[in-house]
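In order, the protein sequence lines correspond to chains Y and S.
Each residue of the first sequence is one higher than the one before, counting from 509 in this note's numbering.
Each residue of the second sequence is one higher than the one before, counting from 509 in this note's numbering.
Ideal Cβ placement from N, Cα and C applies to all residues, glycine included.
Working notes, structure below.
Protein chains: 2
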Amino acid sequence: IKAGLPVLHGYFRSSCSWRVRIGKSSFALKGIEYDQVAVNLIKDGGQQLAVIQYIDETRPGPRLLPADPKARAQVRMISDLIASGIQPLQNLAVLQKIGAEKLLWAQHFINRGFQALEPILKQTAGKYCVGNEISMADICLAPQVYNAERFKVDVGQYPTIKRLNETLVEIEAFKLSHPSHQPDTPADLQA
Amino acid sequence: IKAGLPVLHGYFRSSCSWRVRIGKSSFALKGIEYDQVAVNLIKDGGQQLAVIQYIDETRPGPRLLPADPKARAQVRMISDLIASGIQPLQNLAVLQKIGAEKLLWAQHFINRGFQALEPILKQTAGKYCVGNEISMADICLAPQVYNAERFKVDVGQYPTIKRLNETLVEIEAFKLSHPSHQPDTPADLQA
Numbered sequence: 509i510k511a512g513l514p515v516l517h518g519y520f521r522s523s524c525s526w527r528v529r530i531g532k533s534s535f536a537l538k539g540i541e542y543d544q545v546a547v548n549l550i551k552d553g554g555q556q557l558a559v560i561q562y563i564d565e566t567r568p569g570p571r572l573l574p575a576d577p578k579a580r581a582q583v584r585m586i587s588d589l590i591a592s593g594i595q596p597l598q599n600l601a602v603l604q605k606i607g608a609e610k611l612l613w614a615q616h617f618i619n620r621g622f623q624a625l626e627p628i629l630k631q632t633a634g635k636y637c638v639g640n641e642i643s644m645a646d647i648c649l650a651p652q653v654y655n656a657e658r659f660k661v662d663v664g665q666y667p668t669i670k671r672l673n674e675t676l677v678e679i680e681a682f683k684l685s686h687p688s689h690q691p692d693t694p695a696d697l698q699a
Numbered sequence: 509i510k511a512g513l514p515v516l517h518g519y520f521r522s523s524c525s526w527r528v529r530i531g532k533s534s535f536a537l538k539g540i541e542y543d544q545v546a547v548n549l550i551k552d553g554g555q556q557l558a559v560i561q562y563i564d565e566t567r568p569g570p571r572l573l574p575a576d577p578k579a580r581a582q583v584r585m586i587s588d589l590i591a592s593g594i595q596p597l598q599n600l601a602v603l604q605k606i607g608a609e610k611l612l613w614a615q616h617f618i619n620r621g622f623q624a625l626e627p628i629l630k631q632t633a634g635k636y637c638v639g640n641e642i643s644m645a646d647i648c649l650a651p652q653v654y655n656a657e658r659f660k661v662d663v664g665q666y667p668t669i670k671r672l673n674e675t676l677v678e679i680e681a682f683k684l685s686h687p688s689h690q691p692d693t694p695a696d697l698q699a
């Protein structure tokens, strides 16, 4: 840890940490440094959407929330569906409390969420989740698909989700931030 | 149901529905009608924060997200902590799967969330969650405290949360939208 540089708290396999890393990579590519508010937001429990929207509103460069109000609402709806409707139900703290049944539990809630998400994305998606510009929704989607795969959900049931994810994981900011490439990734999980 | 009027799907006791009703009451007081995008957002799975932010960005009147970027980030952080970090873990679908242990489960995750929320609110709160203007964070807080009370969490452990909630439940938009005053509230739960 270098003195004076913000510390990004995280865990290689956490989809929340990955969301923040994708955001961070995107902003790093634009030459933007984090400020103290962003770091505090990250420290105070990983409220990733707040961090992403804060940086989006205060810094120049490509928007992670589109300018058009309807498209913005779609981005937020998709992001919320993942960040409130799926991810919290399969995070580490919950699965630890569930115990032996945790794989079935995670599959149940991811499938339930993807069944709601697939028809929405079918309507909103272009190359990315909402139209042809990358957005906060894409930052939420790829880590959630990674989790689905970890929990052996058949993502092929959701053709739009599958197709979008295949596009996203080829993007440099998503690759660099992938759980298989982090300083704390165990050797056997490195890609 | 009157022909041509948007239908608000909801359930009297759902804290998600209550969030939307508070937003709706606030906007109703300002004489603003919902449009089709807002109605679709509500129908597509209750993505309440997306609805609230959409209306806030497209309509005149008092802001539910403050103009100052730091205050906006604080509002979103608090809202996300509740809407992603607490509510999803104690909603109906999860508790139905938990079965007999559901009261202890709900208490565990509400206490865990309130322990994270209390010190944040201690720093950000004035009369309301963030300073002295009502915001989306307040719309998230009051329904979550109502849920905490339903699950017999001792809210007195969290003096800032308790004090803010006491202020909020006296506000007309929160009173009118309260679960005890809805068309589908059973007689024995009406206030």
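Going by CA-CA distance only, name the one from S/Glu-680, S/Leu-612, S/Arg-571, S/Ser-688 that's closest to S/Ile-530.
Selection S/Glu-680, S/Leu-612, S/Arg-571, S/Ser-688 evaluated against S/Ile-530 yields S/Glu-680 as nearest (Cα-Cα).
Contact the segment 630 to 643 of chain Y vs the segment 652 to 666 of chain Y: 3+ CB pairs below 8 Å
Inter-segment contact for the segment 630 to 643 of chain Y and the segment 652 to 666 of chain Y is absent: fewer than three beta-carbon pairs are separated by less than 8 Å.
Between the segment 604 to 621 of chain Y and the segment 603 to 622 of chain S, can you find at least three pairs of beta-carbon atoms closer than 8 Å?
Enough Cβ pairs lie closer than 8 Å, so yes.
Would S/Val-583 and S/Ile-618 be called neighbours here (beta carbons separated by less than 8 Å)?
Against a cut-off of 8 Å, the Cβ pair of S/Ile-618 and S/Val-583 comes out as no contact.
Return the first residue and the last residue of the alpha helix (DSSP H) that S/Glu-657 is part of.
Run containing S/Glu-657: 644 to 658, per the alpha helix (DSSP H) assignment.
Counting contacts by CB-CB distance shorter than 8 Å, is S/Ser-592 in contact with chain Y?
Yes, contact with chain Y.
Checking contacts by CB at 8 Å: is Y/Glu-565 closer than that to chain S?
Under the Cβ distance rule, Y/Glu-565 counts among the residues neighbouring chain S, one pair being separated by less than 8 Å.
At a Cβ threshold of 8 Å, is Y/Met-644 touching chain C?
Note that chain C does not occur in the displayed structure, where the protein chains are Y and S.
Cutoff 8 Å: Y/Val-602 Cβ touching any chain S Cβ
It does; some Cβ of chain S falls within 8 Å.
Going along chain Y in order, which residues have a C-beta closer than 8 Å to the C-beta of S/Asp-576?
From the beta-carbon of S/Asp-576, no residue of chain Y is found nearer than 8 Å; the closest lies around 10 Å away.
Count Cβ pairs between the segment 660 to 677 of chain Y and the segment 621 to 632 of chain Y that sit closer than 8 Å; are there 3 or more?
Yes, since at least three Cβ pairs between the segment 660 to 677 of chain Y and the segment 621 to 632 of chain Y fall closer than 8 Å, the two stretches touch.
Listing by chain order, which chain Y residues have their CB less than 8 Å from the CB of S/Arg-584?
Ordered by position in chain Y, the residues that pass the 8 Å Cβ test against S/Arg-584 are Gln-555, Leu-557, Ala-558, Gln-561, Tyr-562.
Are the segment 676 to 693 of chain Y and the segment 639 to 648 of chain S touching by the rule of at least three beta carbon pairs closer than 8 Å?
Contact between the segment 676 to 693 of chain Y and the segment 639 to 648 of chain S is absent, with fewer than three C-beta pairs closer than 8 Å.
I'd like to check one pair, Y/Ile-560 with Y/Ile-647: are the Cβ atoms closer than 8 Å?
Yes, Cβ-Cβ distance for Y/Ile-647 and Y/Ile-560 is below 8 Å.
Pick helix, strand or coil for Y/Gly-639, following the three-state DSSP scheme.
Note: Y/Gly-639 maps to strand in three-state DSSP.
Name the chain Y residues that come within less than 8 Å of S/Ser-580, Cβ to Cβ?
For clarity, residue 580 of chain S is Arg in the given sequence; the question names Ser instead. The answer, in chain order, is Gln-561, Tyr-562, Glu-565.
Using the beta-carbon of each residue, which ones in chain S are nearer than 8 Å to Y/Leu-708?
No answer is possible for residue 708 of chain Y: it lies beyond the span of chain Y, which begins at 509 and ends at 699.
Closest to Y/Arg-658 by C-alpha separation, out of Y/Leu-697, Y/Lys-683, Y/Phe-682, Y/Ala-591, would be which residue?
Proximity to Y/Arg-658 across Y/Leu-697, Y/Lys-683, Y/Phe-682, Y/Ala-591 peaks at Y/Leu-697, based on C-alpha coordinates.
With DSSP as the reference, label Y/Ala-633 as helix, strand or coil.
In the three-state reduction of the DSSP assignment, Y/Ala-633 falls in the strand class.
Closest by CA to S/Ser-592, which one among Y/Lys-670, Y/Leu-672, Y/Ala-558, Y/Lys-630?
Of Y/Lys-670, Y/Leu-672, Y/Ala-558, Y/Lys-630, the residue nearest in Cα terms is Y/Ala-558.
Once you ignore the five residues that flank Y/Arg-527 on each side, which residues in its own chain have a CB closer than 7 Å to its CB?
The residues are Gln-556, Ile-647, Cys-648, Pro-651.
For S/Arg-567 and Y/Ala-633, what's the separation of their Cα atoms in angstroms?
Cα-Cα distance, rounded: 26 Å.
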